[in-house]
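Worksheet: one structure, shown below.
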Amino acid sequence: MKEIPVELGDRSYTIRIGHGLLDSLGSLLPRCSRAAIVTDSNVAGLYLERARRAIEQAGVAAGAVVIPAGEEHKNRETLERVYDGLFGCGLDRGGVAVALGGGIVGDVAGFAAATFLRGVRCVQVPTTLLAAVDSSVGGKTGINHPRGKNMIGAFHQPSAVVIDPATLRTLPPRELSAGIAEVVKYAVIRDAAFFDYLERHGDELLALQPDAVQEVIATCCRIKADVVRADEREAGIRAILNYGHTFGHAIEAATGYGRYRHGEAVAIGMALAARLAVRLGMLGKDAAERQEALLRRFNLPARPEGVTADDIISLARADKKARDGRARFVLPTAIGSVTVTDDVPEQLVKGLL
Numbered sequence: 000m001k002e003i004p005v006e007l008g009d010r011s012y013t014i015r016i017g018h019g020l021l022d023s024l025g026s027l028l029p030r031c032s033r034a035a036i037v038t039d040s041n042v043a044g045l046y047l048e049r050a051r052r053a054i055e056q057a058g059v060a061a062g063a064v065v066i067p068a069g070e071e072h073k074n075r076e077t078l079e080r081v082y083d084g085l086f087g088c089g090l091d092r093g094g095v096a097v098a099l100g101g102g103i104v105g106d107v108a109g110f111a112a113a114t115f116l117r118g119v120r121c122v123q124v125p126t127t128l129l130a131a132v133d134s135s136v137g138g139k140t141g142i143n144h145p146r147g148k149n150m151i152g153a154f155h156q157p158s159a160v161v162i163d164p165a166t167l168r169t170l171p172p173r174e175l176s177a178g179i180a181e182v183v184k185y186a187v188i189r190d191a192a193f194f195d196y197l198e199r200h201g202d203e204l205l206a207l208q209p210d211a212v213q214e215v216i217a218t219c220c221r222i223k224a225d226v227v228r229a230d231e232r233e234a235g236i237r238a239i240l241n242y243g244h245t246f247g248h249a250i251e252a253a254t255g256y257g258r259y260r261h262g263e264a265v266a267i268g269m270a271l272a273a274r275l276a277v278r279l280g281m282l283g284k285d286a287a288e289r290q291e292a293l294l295r296r297f298n299l300p301a302r303p304e305g306v307t308a309d310d311i312i313s314l315a316r317a318d319k320k321a322r323d324g325r326a327r328f329v330l331p332t333a334i335g336s337v338t339v340t341d342d343v344p345e346q347l348v349k350g351l352l
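Counting in numbering that gives the first Met the number 0, the sequence shown runs from 0 upward without gaps.
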């Protein structure tokens, strides 16, 4: 088992990564007498009873709340369903909400925990690669709105993150690739040596070779923990974690959250951001091509379909990261280094799209 601390004073917690940890879940929860497991209709049939059994073996009563699977359900109606379920489980302020699933479950359950009874503890138990390396860590929670992704939410740090890489073996190939997009993101923004590693060990990652999977998850979590420690609420450096997301979120919203998985949209966003950086003279063309080659190796798209340039630009302007109506872009300057800017001519963006 690997342990990675996220040091945030009285909000500090530990990320634990290890094959088989799901069966030890009860012993890894903070002290409580009652837990509510929030999961979705896909994960429930795979891991709900196993998680409930592990929690109850530790002497903790465990109820369950099952929400519909899919990004289109990451909304206010589903949030209300979670609130009703938490009441039904008898959760009080001493209880713990357990988010068992992918990024959608983690975001919705985390936001519900942040606001239920004005705040209860939450433990993130990701079962997708994307959630394991990204959304389960850092405390960002929320739901979507027709005008944008994650536009309604709160910062609510988990009490613990428990990652069992063995759960990734039930992922469909498309979901695995979507998670790898966020892995590539971490390499581009912060760690050129990690990018080299992904080029050398990509086949092992796609095959879910245990050592490679654990190394990749731990590296991404360390990078995110370092960034969150330095800037918990995205006042500065944490914005680099949005690489690919300005375009990606706009693409998701413009296509009704149904055409692309989040990681696929982020992959397209990273490819567009790199091409934009090349046009601005900030990045060499060879670096952009190297990134695109790695994305395609992991079966990820690099160009948007079914969406217009005007739609993307309009939604990027309205994104929560925008300032004074100007879209903010995270742009690479080299493999392993990025910069954040809103000084990008809109006509250049439109021409690129």
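Every residue, glycine too, gets a C-beta built ideally from N, C-alpha and C.
Computed from a predicted structure; not experimentally measured.
DSSP beta-bridge partners for Gly100?
In the sequence shown, residue 100 corresponds to position 101, counting from 1. According to DSSP, Gly100 bridges with Pro125.
Give the straight-line distance between the Cα atoms of Gly44 and Ala276, rounded to the nearest whole angstrom.
The residue labelled residue 44 in the question sits at position 45 within the sequence shown. The residue labelled residue 276 in the question sits at position 277 within the sequence shown. Between Gly44 and Ala276, the C-alpha separation is close to 44 Å.
Give the DSSP-derived three-state secondary structure of Ile334 in the structure shown.
By 1-based counting over the sequence shown, the position of residue 334 is 335. Reduced to three states, the DSSP call for Ile334 is coil.
Look at the Cβ atom of Lys395, then the Cβ atom of Val136, and state whether they are nearer than 9 Å.
Any property of residue 395 remains undetermined from this structure, which presents the chain solely from 0 to 352.
Give the secondary structure of Phe297 by DSSP, where H, G and I count as helix, E and B as strand, and everything else as coil.
Within the sequence shown, residue 297 is the residue found at index 298, counting from 1. The answer is coil: DSSP assigns Phe297 none of H, G, I, E or B.
Secondary structure of Ala253, DSSP reduced to three states
On the sequence shown, residue 253 is found 254 positions in, with the first residue counted as 1. Helix at Ala253.
Which class does Thr38 belong to by DSSP, given the choice of helix, strand or coil?
Position 39 of the sequence shown, counting from 1, holds the residue named residue 38. Of the three classes helix, strand and coil, the one that applies to Thr38 here is strand, per DSSP.
In the segment 27-80, which residue ranges form an unbroken beta strand (DSSP E) of at least 3 residues, counting only runs that do not cross its ends?
33-39 and 60-66
Could you spell out where the beta strand (DSSP E) holding Val306 opens and where it closes?
Numbered from 1 along the sequence shown, position 307 holds the residue referred to as residue 306. Segment: none, Val306 is in no beta strand (DSSP E) and carries neither H nor E.
Helix or strand or just coil, what does DSSP make of His144?
Mapped onto the sequence shown, residue 144 falls at position 145. In this structure, His144 counts as strand in the three-state DSSP scheme.
So, does the segment 186-205 touch the segment 148-157, judging by three or more C-beta pairs under 8 Å?
no
Straight-line Cα distance separating Leu299 from Leu90
For the purposes of this step, residue 90 is taken as the residue at position 91 of the sequence shown. For the purposes of this step, residue 299 is taken as the residue at position 300 of the sequence shown. Rounded to whole angstroms, Leu90 to Leu299 spans 41 Å at the Cα level.
Would Gln208 pass as a contact of Ile16 if the rule is Cβ separation under 9 Å?
Taking the first residue of the sequence shown as position 1, residue 208 is located at position 209. Taking the first residue of the sequence shown as position 1, residue 16 is located at position 17. No, the pair does not count as a contact, with Cβ atoms beyond the cut-off.
Could you tell me the alpha carbon to alpha carbon distance between Gly109 and Gln123, rounded to whole angstroms?
As a working note, residue 109 is residue 110 in the sequence shown. As a working note, residue 123 is residue 124 in the sequence shown. Approximately 8 Å, taken between the alpha carbons.
Helix, strand or coil at Lys319 [DSSP, three-state]:
Working through the sequence shown from its first residue, we reach residue 319 at position 320. If DSSP states are grouped into helix, strand and coil, Lys319 belongs with coil.
Is the beta carbon of Leu28 closer than 9 Å to that of Ala34?
Locating residue 34 in the sequence shown gives position 35, counting from the first residue. Locating residue 28 in the sequence shown gives position 29, counting from the first residue. Result yes, Cβ atoms of Ala34 and Leu28 sit closer than 9 Å.
Which one of Arg173, Val95 and Val182 has the shortest CA to CA distance from Gly335?
The residue you call residue 335 lines up with position 336 of the sequence shown. Checked all of Arg173, Val95 and Val182; the closest Cα to Gly335 is Val182.
First and last residue of the uninterrupted beta strand (DSSP E) at Ile162:
The residue you call residue 162 lines up with position 163 of the sequence shown. Note, Ile162: beta strand (DSSP E), Ala159 to Ile162.
Candidates Asp39, Ile216, Asp309 and Ser313: which alpha carbon is nearest Ala364's?
Here the chain comprises residues numbered 0 to 352, so residue 364 is not present and cannot be evaluated.
CB-CB under 7 Å to Leu129, same chain, minus the five flanking residues each way: which ones, in chain order?
Stepping through the sequence shown from its first residue, residue 129 is reached at position 130. Cβ within range, chain order: Gly101, Gly102, Ala177, Gly178, Glu181, His261 and Gly262.
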